[in-house]
Amino acid sequence: MAKDASREMSLRDALKSIVTRPSAYMKGLQSPEGRYIVTFDREGAQCEKPDGQVARVDWKRLTAVLLDTNDPRSRLPHYFWRLEGTGQFCLIPHGATGEQSLVEKLRKLPGFKADRLALAESCTVNRTFECWRKPPAP
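Under the numbering used here, the letters of the sequence shown match residues 71 to 208, in that order.
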């Protein structure tokens, strides 16, 4: 009986700690998408996958910013950011660590269509939304 009481107490303590302090899961760090790490600097943006592979696009080579949505019945994230550059490509799942900071940076691109993000967030089918495209050279 004492063993069961101590087990019950430790389970209660564990549940209490989950409720009273944010866990890594609640912060998105343990979700599959949260394990993708997005960073950017003056030269470009990159996404490091959980297996250590890195995809990068340099700002000077960036040609398009797209959002690819997924059917909510799929096991994929709701949408992916697709950064395309001349000879470069970077796919970033919604919910990746650092995504919001990158979105703030992308919104500053001249002609960025922020309304496409709202459309993508409410989309329930597979679709591509173009948020930005590099204007053709004069």
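We treat Cβ as the ideally placed atom computed from N, Cα and C, and that holds for glycine. From a predicted model like this one, the values you see are computed outputs, not experimental measurements.
Under 8 angstroms between the Cβ atoms of L172 and V108?
yes
Rounded separation between Y106 and Q116 - CA only:
10 angstroms
Euclidean distance between Cα positions of K204 and G165:
25 angstroms
Compare the C-alpha of P180 against each of K119, C201, A188 and name the closest.
C201
Cβ-Cβ distance between T139 and A207 below 8 angstroms
no
Collapsed DSSP secondary structure at E166 in the structure displayed:
The amino acid at residue 166 is misidentified as Glu; the sequence shows Ala. Three-state result, A166: coil.
Is the stretch 122-135 touching the stretch 152-159 in the sense that three or more CB pairs, one from each, lie closer than 8 angstroms?
yes
Between L137 and F199, how many whole angstroms is the CB-CB distance? I'm expecting something under 8 angstroms.
4 angstroms
Tell me the DSSP bridge mates of A115?
F110, V127
Taking a contact to mean a Cβ-Cβ separation below 8 angstroms, would you say D141 touches N196 in this structure?
yes
From the DSSP output, in three-state form, read off A184 for me.
coil
What are the partner residues of V135, as DSSP defines its beta bridges?
L153, W202
Exposed or buried, what is Q104 when buried is set at 16 or more other beta-carbons lying within 10 Å of its beta-carbon?
Reading off the sequence, residue 104 comes out as Gly, not Gln. Burial call: buried.
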